[in-house]
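Notes for the one structure printed next.
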Amino acid sequence: MEIQLDPAVLADKVRDVPDYPKPGVVFKDVTPLLGDHVSFSTAVDWLVTRFGRGTVDKVVGIEARGFILAAPVAYHFGAGFVPARKTGKLPGETVSVTYELEYGHETLELHRDAIAPGERVLIVDDVLATGGTAAATVGLVEQLGGQVVGLGFLIELGFLEGAKRLTHDHVSLLTY
Numbered sequence: 016m017e018i019q020l021d022p023a024v025l026a027d028k029v030r031d032v033p034d035y036p037k038p039g040v041v042f043k044d045v046t047p048l049l050g051d052h053v054s055f056s057t058a059v060d061w062l063v064t065r066f067g068r069g070t071v072d073k074v075v076g077i078e079a080r081g082f083i084l085a086a087p088v089a090y091h092f093g094a095g096f097v098p099a100r101k102t103g104k105l106p107g108e109t110v111s112v113t114y115e116l117e118y119g120h121e122t123l124e125l126h127r128d129a130i131a132p133g134e135r136v137l138i139v140d141d142v143l144a145t146g147g148t149a150a151a152t153v154g155l156v157e158q159l160g161g162q163v164v165g166l167g168f169l170i171e172l173g174f175l176e177g178a179k180r181l182t183h184d185h186v187s188l189l190t191y
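So the sequence shown is numbered by this note's numbering: it starts at 16 and just counts up by one.
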């Protein structure tokens, strides 16, 4: 059963920060939402119920704010949590993917043994912008043999059309 969500309740907790990180950008700051126990738990509960208990073996959180949402989502699923980290941050053997950003390149890594073939994986991050990071994470999960069951985001910046780069079901609590 999917819980009903009034996006305005969560949107009131997102703060606009003009000209950050550079002039002309309006940054969507989710820290007030995360700091409010009702809004934070509502966001986590909504992601869990949207994908249905028992449907996920692992939850991948994308560095770094994705960790904040993905860990409690994994806990509620009874699933494992897997961090997708920038290059050089994970000890041990990793798989990696380098992808293009609007301002350069980035590399993400997962531990090679983090996801077993056939495991059902939900990918969680705070913001879907251009879709490059999310698509790269999908590629890493699939490289390890995981089955991506969906992607969940707190915010989607719809005007950047990042959803067009995704080939799997995705949900966003708020869209700007």
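Heads up, the beta-carbon is just placed ideally off N, CA and C, and yes, glycines get one too.
Residue i, enclosing alpha helix (DSSP H) - first and last residue
i	result
F66	H52 to F66
F174	Note, F174: premise wrong, no alpha helix (DSSP H); not H, not E.
R80	R80 to F92
A23	P22 to A26
For residue i, the three-state DSSP class (helix, strand or coil)
i	result
G147	helix
R127	coil
G154	helix
T46	helix
K73	strand
Same chain only: Cβ atoms within 6 Å of residue i, ignoring 5 sequence neighbours per side
i	result
D31	V41
M16	Note that M16 scores a pLDDT of 49, beneath 50, so its modelled location is shaky and nothing firm can be said.
Nonlocal neighbours in the same chain, by C-beta distance under 8 Å from residue i, ignoring five residues either side
i	result
A23	none
E78	P98, A99, R100, K101, K104 and L123
L84	A58, V59, L62, G76, V139, D140, D141, G167 and L169
Span of the beta strand (DSSP E), counted from its first residue to its last, around residue i
i	result
R100	G95 to K101
G133	No beta strand (DSSP E) contains G133, which DSSP labels as neither H nor E.
H185	H185 to T190
Y35	Note, Y35: premise wrong, no beta strand (DSSP E); not H, not E.
V29	No beta strand (DSSP E) contains V29, which DSSP labels as neither H nor E.
L116	T109 to L116
Residue environment, residue i, which counts as buried when at least 16 other CB atoms sit within 10 Å
i	result
D72	buried
K179	exposed
S56	exposed
Inter-residue CB distance, residue i and residue j (contact presumed, cutoff 8 Å)
i	j	result
R80	V186	About 17 Å; that fails the 8 Å criterion.
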